[in-house]
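As structure tokens, the structure follows; a few thoughts come after it.
Chains as they are written, first to last, in this note's numbering: chain A, 92 to 118; chain B, 637 to 838.
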């Protein structure tokens, strides 16, 4: 647990927001 | 058996003791995700940000999102009333939050908010300052430090120019703003420690 940002799932949220995630748009 | 989660990015600081650590974490994540998405959208609008490598865009956002949120959500901290407004719109006093386990981070957030609000920045100044907070070449894990540094310098020059134009007799405001950057780092570190404690002992 050395990376709090990763713990939060922050990187995933950031990547999806940066790329304009298609799956989320379908939801 | 944590009963409280004293982050205003929640709807409420009260945690249902019947829920598992995982589901508490999931709910917390759902609460703050829209705010994180807004930070990403803000970053995309910073001229030059999208020209950085994707790796560096992610690294800057990972490292700086909390600091950007602190600047953007100073309005949640009412310095006079000593209250914090959570996402539900409900206010909680410092005393109540302290009884729930909030400590130094909460005090430091109020100190930061008070000093930043005292500068009476316009929306445009605040936005440019937030861009300077995000685009910092000394964040860890950057692959092209020179590009980030060049963008950082451009943004700092623009901020100085704007402050000089808007406050010709108060150029010290620019210096005070730059001195807020290490304050934000310190808040970020304190917040990270809280997150680690939460993850290890949810």
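Ideal placement from N, C-alpha and C gives every residue a C-beta, glycine not left out.
Closer than 9 Å to chain A by CB, residue i
i	result
residue 656 of chain B	no
residue 821 of chain B	no
residue 669 of chain B	yes
residue 681 of chain B	no
residue 693 of chain B	yes
residue 735 of chain B	no
residue 690 of chain B	yes
residue 816 of chain B	no
residue 697 of chain B	yes
residue 707 of chain B	no
residue 721 of chain B	no
residue 796 of chain B	no
Cβ-Cβ distance between residue i and residue j below 9 Å
i	j	result
residue 784 of chain B	residue 771 of chain B	yes
residue 699 of chain B	residue 825 of chain B	no
residue 701 of chain B	residue 675 of chain B	yes
residue 819 of chain B	residue 765 of chain B	no
residue 733 of chain B	residue 809 of chain B	no
residue 667 of chain B	residue 742 of chain B	no
residue 644 of chain B	residue 709 of chain B	yes
residue 789 of chain B	residue 689 of chain B	no
residue 108 of chain A	residue 707 of chain B	no
residue 769 of chain B	residue 746 of chain B	no
Backbone secondary structure at residue i - three-state DSSP
i	result
residue 691 of chain B	helix
residue 640 of chain B	strand
Residue environment, residue i, which counts as buried when at least 16 other CB atoms sit within 10 Å
i	result
residue 649 of chain B	buried
residue 811 of chain B	exposed
residue 799 of chain B	buried
residue 738 of chain B	buried
residue 670 of chain B	exposed
residue 691 of chain B	exposed
residue 104 of chain A	buried
residue 853 of chain B	With chain B covering 637 to 838 only, the question about residue 853 of chain B has no answer from this structure.
Near the ligand ADP: residue i beta-carbon under 8 Å from a heavy atom
i	result
residue 745 of chain B	Only the bare structure without any ligand can be found here, which leaves the ligand ADP out of the picture.
Problem - In chain order, each beta strand (DSSP E) run of at least 3 residues that lies wholly inside the segment 701 to 785 of chain B - result: Whole beta strand (DSSP E) segments, 3+ residues: 719 to 721, 727 to 729.
Problem - Within the segment 788 to 823 of chain B, ranges of the alpha helix (DSSP H) (whole runs, at least 4 residues) - result: Here the runs fully enclosed are 808 to 814.
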